[in-house]
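Visitor: Numbering (the numbering used here), first residue to last: 650 to 1006. Cβ coordinates follow ideal geometry from the N, Cα and C atoms, glycine included. In this text, all values refer to a predicted model and were calculated from it rather than measured experimentally. Here's a structure for you.
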């Protein structure tokens, strides 16, 4: 069967950077078993921009229509004749569903007409040739490795890996030179899409000042929508810090992380990116999210956990059916759920990792 596999597809049309990175070990395992096969990601337009040849085990990206993306699975389905006609000449040997067990995703997989279908058990009347039940509380890397192992019968590598382009490293060096950073530096990622996953800015300020006492420059990185957070931290820190939040591609950000002494981050996509390029990391996580999004090795990666489970405003524990989605209007309070993590503990772990480096 190994030599007869020419084309493999993976459906993973979800917008989070971390959502992409956690499936890379499983895809790498597929490439190792089927080196001659083309592996295609059914994803999003930004995946097409980021996943260039040699970046990872995906060979090609095909953006899917809006209605098949995770963010729109509950919206009415629209006719997609043009999209499906573009696939008339595609013939898939194996297709994996890497985005849960929603019936529309299952219908998408079925429509592709692959020789072998693999995924989490979908609702009736859909069925895959190889399937396992979907359980929310499972490490995300292991979740997709488990699906791939149904086919390969072999274990997967556990650490996501992203390859950097030479030009990205060059551009990162230019940024460092422009910022007058000639020595050791630490990258902070103080933002996160959900405010409940953000460690308070005041604590990043105190941590940055303490680390600067050990002769480390601080680089504050994030997206444009996090500009107000980054600017506030930079302005309030006693030491000088560099703010980077615009005009930087994911590849250049990854190159910058790879050159750093340490990355300290909220539970957000850039934390996974830093792990994937070999940077040492400290992640600041709410307890329930550790199960799904925590690292699988601890040599160069640490996590600090906030164990307070109840909302400080109303006392509800927002973890049913899963974290921050209690499906009740009683708790929509956007308080930080990681603000109990002490600066002293983060500093202590940071200094330990920096000594290892």
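#1: Check each candidate in 656, 1001, 696, 963 and name the one with the smallest Cα separation from residue 898.
#2: DSSP three-state call for residue 803: helix, strand or coil?
#3: Using DSSP with H/G/I as helix, E/B as strand and the rest coil, what is residue 982?
#4: Does the beta-carbon distance from residue 692 to residue 662 come in below 7 Å?
#5: Mind listing, in chain order, the continuous beta strand (DSSP E) runs of no fewer than 3 residues lying wholly within the stretch 683-735?
#6: Give a yes or no on contact between the stretch 773-783 and the stretch 875-895, applying the rule of three or more CB pairs nearer than 8 Å.
#7: Tell me whether residue 720 is buried or exposed, calling it buried when 16 or more other Cβ atoms sit within 10 Å of its Cβ.
#8: Measuring straight from C-alpha to C-alpha, what distance separates residue 703 and residue 820?
#9: CB-CB under 6 Å to residue 715, same chain, minus the five flanking residues each way: which ones, in chain order?
#10: Assess contact between the stretch 903-911 and the stretch 927-945, defined as three or more Cβ pairs (one per stretch) separated by less than 8 Å. Is contact present?
#11: Excluding the 5 residues preceding and the 5 following residue 652 in the sequence, name in chain order all residues of the same chain whose CB lies nearer than 8 Å to its CB.
#12: For residue 935, name the three-state secondary structure that DSSP assigns.
#13: Taking 8 Å as the cut-off, does the stretch 978-987 touch the stretch 945-960 (at least 3 CB pairs, one atom from each stretch)?
#14: Do residue 856 and residue 992 count as a contact pair if the criterion is CB distance below 7 Å?
#15: Can you give me the C-alpha to C-alpha distance between residue 756 and residue 731, rounded to a whole angstrom?
#16: State the beta-bridge partners of residue 951 as determined by DSSP.
#17: On the three-pair Cβ rule with 8 Å, is the stretch 830-846 touching the stretch 871-889?
#18: Whole angstroms are fine: how far does the CA of residue 656 sit from the CA of residue 784?
#19: According to DSSP, simplified to helix, strand and coil, what is residue 878?
#20: Helix, strand or coil: how does DSSP classify residue 990 here?
#21: Could you compute how far the alpha carbon of residue 951 sits from the alpha carbon of residue 701?
#22: Give me the DSSP bridge partner(s) of residue 780.
#23: What are the boundary residues of the alpha helix (DSSP H) that residue 831 is part of?
#24: Would residue 694 be called buried (16 or more neighbouring beta carbons within 10 Å of its own) or exposed?
#25: Is the CB-CB distance between residue 793 and residue 747 below 7 Å?
#26: Assuming residue 886 and residue 854 form a contact by the criterion Cβ under 8 Å, report the distance between their Cβ atoms to the nearest whole angstrom.
#27: Between 803, 717, 864, 859, which has its C-alpha nearest residue 997's C-alpha?
#28: Residues in the same chain with beta-carbon distance under 8 Å from residue 763, minus the five sequence neighbours each way, listed in chain order, please.
#29: May I have the straight-line CA-CA distance separating residue 901 from residue 816, to the nearest angstrom?
Guide: Judging by the given coordinates:
#1: Checked all of 656, 1001, 696, 963; the closest Cα to residue 898 is 696.
#2: Coil, per DSSP.
#3: Residue state, collapsed to three classes: coil.
#4: It is a contact, given that the beta carbons lie within the stated cut-off.
#5: Fully enclosed beta strand (DSSP E) runs of 3 or longer: 687-692, 709-712.
#6: No, the stretch 773-783 does not touch the stretch 875-895.
#7: Residue 720 is exposed by the Cβ-count criterion.
#8: One C-alpha to the other measures close to 18 Å.
#9: Closer than 6 Å at the Cβ level, and outside the excluded window around residue 715, lie 721.
#10: Segments in contact, yes.
#11: Excluding sequence neighbours, residue 652 sits near 685.
#12: In the structure shown, residue 935 sits in a strand (DSSP, three-state: E or B).
#13: Yes: at least three Cβ pairs fall under 8 Å.
#14: In contact: residue 992 and residue 856 (Cβ atoms closer than 7 Å).
#15: If I take the Cα positions, the gap works out to 17 Å.
#16: Under DSSP, residue 951 takes part in a beta bridge, and its partners are 931.
#17: Yes: at least three Cβ pairs fall under 8 Å.
#18: CA-to-CA, the gap between residue 784 and residue 656 works out to about 28 Å.
#19: Under the three-state reduction of DSSP output, residue 878 falls in the helix class.
#20: If DSSP states are grouped into helix, strand and coil, residue 990 belongs with coil.
#21: Distance from the CA atom of residue 951 to the CA atom of residue 701, rounded to whole angstroms, is 30 Å.
#22: Answer is 768, bridged to residue 780.
#23: Premise fails: residue 831 is in no alpha helix (DSSP H) and is neither H nor E.
#24: With fewer than 16 Cβ atoms within 10 Å of its Cβ, residue 694 is classed as exposed.
#25: By the CB criterion at 7 Å, residue 793 and residue 747 fall inside the cutoff.
#26: Confirmed, Cβ separation roughly 5 Å.
#27: Cα-wise, what sits closest to residue 997 is 859.
#28: Once the five neighbours on either side are set aside, the close Cβ partners of residue 763 are 658, 741, 742, 743, 744.
#29: Rounded to the nearest angstrom, the two C-alpha atoms are 8 Å apart.
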